[in-house]
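Okay, so the sequence shown: first residue is 410 according to my numbering, each after it adds one.
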Amino acid sequence: MPEKARVGVLISGRGSNMAALIYASRADDCPYEIVLVAANDPAAPGLALAAAEGIPTFAQPHQGLKRAEFDALIEAELARHGVEYVALAGYMRLLSGGFVARWQGRCLNIHPSLLPAHKGLDVHEAVLAAGETVTGCTVHLVTPELDGGPILGQTRVAVLPGDTPDSLATRVHYAEHQLYPRVLAGLVRAETGPEALLGRIRNLALALPEAEEKLSHGMNGFFVRGGKFFAYFIRDQHGDGITALLVKADGLEEQAQLIENDSNLYYRPAYFGPSGWIGIRLDTGDNDWSHIDDWLTRSWRASAPKRLAMLPF
Ligand code: GRF
Numbered sequence: 410m411p412e413k414a415r416v417g418v419l420i421s422g423r424g425s426n427m428a429a430l431i432y433a434s435r436a437d438d439c440p441y442e443i444v445l446v447a448a449n450d451p452a453a454p455g456l457a458l459a460a461a462e463g464i465p466t467f468a469q470p471h472q473g474l475k476r477a478e479f480d481a482l483i484e485a486e487l488a489r490h491g492v493e494y495v496a497l498a499g500y501m502r503l504l505s506g507g508f509v510a511r512w513q514g515r516c517l518n519i520h521p522s523l524l525p526a527h528k529g530l531d532v533h534e535a536v537l538a539a540g541e542t543v544t545g546c547t548v549h550l551v552t553p554e555l556d557g558g559p560i561l562g563q564t565r566v567a568v569l570p571g572d573t574p575d576s577l578a579t580r581v582h583y584a585e586h587q588l589y590p591r592v593l594a595g596l597v598r599a600e601t602g603p604e605a606l607l608g609r610i611r612n613l614a615l616a617l618p619e620a621e622e623k624l625s626h627g628m629n630g631f632f633v634r635g636g637k638f639f640a641y642f643i644r645d646q647h648g649d650g651i652t653a654l655l656v657k658a659d660g661l662e663e664q665a666q667l668i669e670n671d672s673n674l675y676y677r678p679a680y681f682g683p684s685g686w687i688g689i690r691l692d693t694g695d696n697d698w699s700h701i702d703d704w705l706t707r708s709w710r711a712s713a714p715k716r717l718a719m720l721p722f
């Protein structure tokens, strides 16, 4: 089972969206796990729920601290827990520019309106005052502009006659609880799933001189023009769910040695194994891309015609 992406949730209050993210993460096929819940208010009720569910919590009142100082404390905690994505869930505090920049593309927020309509606070009051018949919720990436980042997903919610801000908030919350886990999972999958991994491998492989790609037995193969295949991208090839890169090892001895040294990373691929190819897992959630690049280069050299293999790079 590939490792799950590590998510930190920031809250200020009730934390019902946090709870939705936690419970969704318990599904086997959910690609993320919640590894930290942090709050800027030690009394935030969501903290107790997270703790009861066995999730590490961190609470730090922001009073008396400059914005960047406070965010540095939060970031230190995120780093300590190996957080890769930050989900804001009712986090009632503006983030410093540095924080937003460092987490760009990996920090999400949920807002109880169909953005770009009704940014900011008191959203349900504003929706009712405007006489809207439809509202909803939005998950978006966090950028320096408040509630203004790229929209990742939205759910529409009907406004009923006689709705009050509270009754509307309750129904919008139902929608939020469905939307947030789905969008977060989608973002993680888009970045860590097989398509994204193939994209990275392709970028590295095709950067090598005279490298080309073609499908070979259902696998994406990379070969040197006039030479041989130097890499294959494997995706659930034998119904085993494995995503991996196959490259040329020096021979069976090195293959065995690699597997013995790190059996989480290396494996002997079916069919290719006997001819000295080595499988490198890409689905451990912890890819060392410069190491993978080195392997591709090495394998390319072993497969390129002499005139190319001598090139200094
Ligand atoms: C939600 O309505 C969310 O859209 C907004 O703050 C509220 C948080 O609610 N950003 P909860 O703490 O998740 O229950």
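Note that beta-carbon positions come from the ideal geometry of N, C-alpha and C, so glycine has one too.
Item                                                                                                                                                  : Value
Since Arg415 and Val492 are thought to touch, with beta carbons under 8 Å apart, how far apart are those beta carbons, to the nearest angstrom?       : 5 Å
Taking the runs of the beta strand (DSSP E) that are 3 residues or longer, which of them lie wholly in the stretch 485 to 570?                        : 494 to 497, 516 to 520, 543 to 550, 560 to 567
Quick one: what does DSSP say Ser712 is sitting in, helix, strand or coil?                                                                            : helix
Within its chain, find whatever has a CB closer than 7 Å to the CB of Phe467; leave out the 5 residues flanking it on each side and keep chain order. : Leu445, Ala447, Glu486
Does the distance from the CB of Ala605 to the CB of Ala614 come in under 7 Å?                                                                        : no
Cβ of Ile431 versus every heavy atom of the ligand GRF: is any distance shorter than 6 Å?                                                             : no
Is it the case that the Cβ atoms of Arg598 and Pro440 are separated by a distance below 7 Å?                                                          : yes
If you run the structure through DSSP and keep just helix, strand and coil, what is Gly602?                                                           : coil
Look at the alpha carbon of His586 and the alpha carbon of Ala488, and state the distance between them as a whole number of angstroms.                : 27 Å
Considering only residues of the same chain and omitting the five flanking positions on each side of Asp702, which have a CB-CB separation below 8 Å? : Leu613
Could you tell me whether the stretch 542 to 558 touches the stretch 510 to 520, using the rule of 3 or more Cβ pairs below 8 Å?                      : yes
So for Glu669, helix, strand or coil by DSSP?                                                                                                         : helix
Could you check whether the Cβ of Gly499 sits closer than 6 Å to any heavy atom belonging to the ligand GRF?                                          : yes
Give me the DSSP bridge partner(s) of Asn449.                                                                                                         : In the DSSP output, where bridge partners are listed per residue, Asn449 has none listed.
Could you tell me which residues DSSP pairs with Thr466 in its beta bridges?                                                                          : Val446
Would you identify the three-state DSSP class for Tyr641, choosing helix, strand or coil?                                                             : strand
What are the boundary residues of the alpha helix (DSSP H) that includes Ser434?                                                                      : 425 to 434
Taking 6 Å as the cut-off, is the beta-carbon of Ser576 closer than that to any non-hydrogen atom of the ligand GRF?                                  : no
Can you find a heavy atom of the ligand GRF that lies under 6 Å from the Cβ of Gly608?                                                                : no
With a cut-off of 8 Å on the beta carbons, I'd call Gly627 and Tyr641 a contact; round off their distance for me.                                     : The pair is not a contact, with the Cβ atoms about 10 Å apart (cut-off 8 Å).
Could you check what DSSP says for Arg634 in three-state terms: helix, strand or coil?                                                                : coil
Which stretch, first to last residue, makes up the beta strand (DSSP E) that contains Gly417?                                                         : 414 to 420
Helix, strand or coil: which one does DSSP assign to Thr693?                                                                                          : coil
Do Arg423 and the ligand GRF come close, with the Cβ less than 6 Å from some heavy atom?                                                              : yes
On the CB-based measure, 16 or more other CB atoms within 10 Å of its CB, does Leu456 come out buried or exposed?                                     : buried
Pick helix, strand or coil for Gly688, following the three-state DSSP scheme.                                                                         : strand
With a cut-off of 8 Å on the beta carbons, I'd call Ala713 and Gly636 a contact; round off their distance for me.                                     : 5 Å
Identify which residue in Val568, Gly557, Arg634, Asp531 has its Cα closest to the Cα of Gly545.                                                      : Val568
If we count the other Cβ atoms within 10 Å of its Cβ and call it buried at 16 or more, is Val536 buried or exposed?                                   : buried
Does the distance from the CB of Glu412 to the CB of Thr693 come in under 7 Å?                                                                        : yes
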